[in-house]
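Numbering (this note's numbering), first residue to last: 300 to 480. Don't be surprised by glycine CBs; every beta carbon is placed ideally from N, CA and C. Owing to the predicted nature of the structure, the values given are computational and were not obtained by experimental measurement. For reference, the structure discussed in these notes is given below.
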């Protein structure tokens, strides 16, 4: 019985010691490992440029500036990644849950730096204003991206991008809240 008690005590000391050492050890790499900060994150730079472009166009229409929504930012990045993984622009699908507006932009044969496409995507969505009927207003499929971009009740945005594996396409995605048209 005494031997079992010694073995059990030794085992518990080892478990506690291992847990204590593991808690002090960084989970990734050595202690010099540096986390990817927002300043260094290209997707974050893309989002900031996208937000800036949105607010420049919104100012033309006297709409209040949008704010970053971190949940939409994460959703935009993950859905852009899913679409880029498909690498097929003929079967582009919107997120199944449509509780916010979603604009998708594809750019073929994309080259770095990828964040340069943020303003290009927002400009493409804004250029739908040429087809907007300012007299009657209202929703039209031909101007849906534009109206969501400048809609006064839209308050926040999250933008993300992903590059396809073959680097054939870049997918830029914008999510807006609340969703109205």
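Check residue i in the structure and name its three-state DSSP category.
| i | result |
| --- | --- |
| residue 340 | coil |
| residue 365 | coil |
| residue 464 | coil |
| residue 435 | coil |
| residue 452 | coil |
| residue 447 | helix |
| residue 415 | helix |
| residue 328 | With a pLDDT of 42 at residue 328, under the threshold of 50, the modelled position of this residue cannot be trusted, and the question is left open. |
| residue 472 | strand |
Whole angstroms is fine: what's the gap from residue i's alpha carbon to residue j's?
| i | j | result |
| --- | --- | --- |
| residue 355 | residue 380 | 27 Å |
| residue 369 | residue 457 | 7 Å |
| residue 420 | residue 435 | 27 Å |
| residue 422 | residue 352 | 8 Å |
| residue 350 | residue 357 | 10 Å |
| residue 463 | residue 364 | 31 Å |
| residue 367 | residue 404 | 19 Å |
| residue 450 | residue 341 | 28 Å |
| residue 359 | residue 471 | 23 Å |
| residue 348 | residue 455 | 14 Å |
Out of the options, which one is the CA nearest neighbour of residue i?
| i | options | result |
| --- | --- | --- |
| residue 459 | 414, 364, 351 | 414 |
| residue 346 | 417, 389, 358, 374 | 417 |
| residue 400 | 407, 364, 375 | 375 |
| residue 494 | 461, 450, 358 | Absent from the structure is residue 494, since the part of the chain shown begins at 300 and ends at 480. |
| residue 362 | 452, 465, 372 | 452 |
Kindly indicate if chain C contains any beta-carbon less than 8 Å away from that of residue i.
| i | result |
| --- | --- |
| residue 359 | Looking at the structure shown, chain C is missing, and only one protein chain is on hand. |
Less than 8 Å between the CB atoms is what I'm expecting for residue i and residue j, so what's the real figure, rounded?
| i | j | result |
| --- | --- | --- |
| residue 424 | residue 448 | 5 Å |
| residue 371 | residue 439 | Wrong, their Cβ atoms sit about 24 Å apart, outside the cutoff. |
| residue 430 | residue 441 | 5 Å |
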